[in-house]
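Student: Chains as they are written, first to last, in my numbering: chain A, 1 to 245; chain B, 1001 to 1280.
My structure is below; once you've seen it, I'll send some questions.
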Amino acid sequence: MKLFSSFGQYLLMLRGAARKPENGKMYWKELMHQSVEIGFGSLGIVVIISVFMGAVSAVQTAYQLVSPLIPRETIALVVRDTVILEFAPTLICIVLAGVVGSKIAGELGNMRVSEQIDALEIMGINTKSYLIAPKILGALLTIPLLVIISMVLGIYGGRLASALGELVAGDAFDRGLQNGFTIKNVYIGLAKAYSFAFIISSISSFFGYYVRGGALEIGRASTAAVITSCIVILMVDYLIAYIFL
Amino acid sequence: MIELRNVIKSFGDKTVLKGVNARFDKGKTNLIIGASGSGKTVLQKCMVGLLKIDSGEILFSGTDFVTMSGEDRKLLRQQIGMLFQGSALFDSMTVEQNVMFPLDMFTKWTRGEKLERVNFVLERVDLKGVNAKRPDEISGGMKKRVGIARAIVLKPKYLFCDEPNSGLDPRTSMLIDKLIHEITKENDITTIINTHDMNSVMEIGENILYLDQGKEEWKGTNKEIIFSKHEKLNDFIFASEFLKDAKDMRALEERGIIDNDRNMDEILKEGSIDAGEGKE
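Structure (structure tokens):
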């Protein structure tokens, strides 16, 4: 019962966030601020994870390719498809659910507990559209970009690890990358990235916006936001894979 | 002026406001007093629209806030300023940005005009040269003053203050009270203050509403509260023996039985004080 009531509240929150803003200029400023916070704020961790993710993927694929009948170039093909289809969108977004999601929930939770949201409401500002909409839009703008960066760096990491570990030569790896490449996989990866960006930002906003209590509840809300986002991301990941592949 | 007519508010089975009727006058500091859990904060939150009432009327200059359209309510809210118990300053902004925020949101003024207004209100609350500081870099009293500056920057018609003195030392509390009182008079605002602070009651309580368990129990001024015979009110205000004695002394003084200028020993020698006299 509580699940349905929470889902209803979540939908109402989204409806409130979609309302016309009071002052477009201020909302634009807030959107830019959130885009920088979400995008640049997470760039470092995305770069590190992506390079190592591609490298590990190359090493493990090479380890499993024991048959002399399968060309070593296949390593590049496997790295490419796993990174584009799964690792870059899903793994990165699960990490972002922790980094960005907890930040959004914590920020809104703190604003709620310290009555900053009430202060905005009393001024006559629609707090859902002023506080939540820029976060969702900011995430939709920047997370897919981060995923594209992750795709490129993941493949580069795989190439680097292959060359350093003498698993496959650089030019052979490049040939393997072009072998059987289909743009559809990139589109599926991006569809996942947009869906996950919405899930992370909206679910985290929901948990933060409706916090009641004090510091302890803010912590709980952040944890709940991350866990819920991760579960929903995995469910939607399966759904997209099932429908499009 | 704000008028409340039979305001009822419940949370689940618990009725917090049980038909409150009150009138808060323009140009006066109107105080809502009462013990913790008496419904003061809920009443104020209902008045500013943060909580929906179950029934009754909340009239702002004769217009019912409850039945107002969303757009009218938004416009009315721009005429409301509120000082929160914890100041509720935006911690990601500087003092200047905090005070300028309502102007950024609701006016089309130039940056220069906005800055002029911000500096004017900051100066009015005795805060100069703190524009670039963040809320975590200033004291509790300064935060309250920034809160007041932000609340009055749009020249509101109604000012709500929730426990403006909580967490402040007596001297700073008195300064905040004085400031709110002066601003109320200068701008002819309807000011409503929730407080526990008896100094505030005595100093600036021009119109006092005493709430007990969600019902208005007593209304009057700071002069009248001293001589009130209302038992619950007296228990609340004169909670300590010291204050009860002080009340008796004040009563004797008001009735001309004792004179502050005379030596107490002299009065006692004359035997002019009957221990029971002056008690209500």
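Quick reminder that beta carbons are idealized off the backbone N, C-alpha and C, glycines included.
1) Taking the beta carbon of A/Gln64 as the centre, do at least 16 other beta carbons fall within 10 Å, making it buried, or is it exposed?
2) Taking C-beta pairs closer than 7 Å, name the residues in chain A that B/Gly1086 reaches, listed in chain order.
3) So if I threshold CB-CB distances at 9 Å, which residues from the region 43-67 of chain A count as touching chain B?
4) Mark A/Asp237 as exposed unless 16 or more other C-beta atoms lie within 10 angstroms of its C-beta, in which case mark it buried.
5) Measuring alpha carbon to alpha carbon, tell me which of A/Tyr187, A/Ile122 and A/Thr127 ends up nearest B/Ile1080.
6) Should A/Met26 be flagged as near chain B, meaning a C-beta pair shorter than 8 Å?
7) Can you find the residues in the same chain that come closer than 7 Å, C-beta to C-beta, to A/Lys192, ignoring five residues on each side of it along the sequence?
8) Measuring CA to CA, which of B/Leu1031, B/Thr1029, B/Cys1046 and B/Lys1074 is closest to B/Met1105?
9) Rounded to the nearest angstrom, what separates B/Gly1027 and B/Ser1061 at their Cα positions?
10) Pick from A/Leu108, A/Val226, A/Phe52 and A/Lys184: whose alpha carbon is nearest that of A/Ile200?
11) Would A/Ser57 and A/Gly180 qualify as a contact pair, given that the criterion is a beta-carbon distance under 8 Å?
12) In or out: A/Phe207 buried (at least 16 other Cβ within 10 Å) or exposed?
13) Between the alpha carbons of B/Trp1109 and B/Lys1045, how many angstroms are there, rounded?
14) For B/Thr1110, does the three-state DSSP call read helix, strand or coil?
15) Considering only the beta carbon of each residue, do B/Leu1179 and B/Val1125 sit closer than 8 Å?
16) Please determine, among A/Thr82, A/Cys93, A/Arg19 and A/Arg15, the residue with the shortest C-alpha to C-alpha distance to A/Ser42.
17) Going along chain A, which residues have a C-beta under 8 Å from B/Pro1102?
18) Rounding to the nearest angstrom, what Cα-Cα distance links A/Ala161 and A/Gly170 in this structure?
19) Roughly how many whole angstroms lie between the Cα atoms of A/Arg72 and A/Ile148?
20) Looking at A/Gly39 and A/Thr142, is the spacing between their C-beta atoms short of 8 Å?
21) Whole angstroms are fine: how far does the CA of B/Pro1164 sit from the CA of B/Val1201?
22) Cβ of B/Leu1154 within 8 Å of Cβ of B/Pro1102?
Tutor: In terms of the structure at hand:
1) exposed
2) Chain A residues near B/Gly1086: Ser114 and Glu115.
3) For the region 43-67 of chain A, the set of residues with a beta-carbon nearer than 9 Å to any beta-carbon of chain B is empty.
4) buried
5) Nearest option by C-alpha distance: A/Ile122.
6) yes
7) Pro89, Thr90, Asp237 and Ile240
8) B/Lys1074
9) 13 Å
10) Looking at the Cα atoms, A/Val226 is the closest of the given residues.
11) No, the pair does not count as a contact, with Cβ atoms beyond the cut-off.
12) buried
13) 30 Å
14) coil
15) yes
16) A/Cys93
17) Met123
18) 10 Å
19) 26 Å
20) yes
21) 12 Å
22) Yes, Cβ-Cβ distance for B/Leu1154 and B/Pro1102 is below 8 Å.
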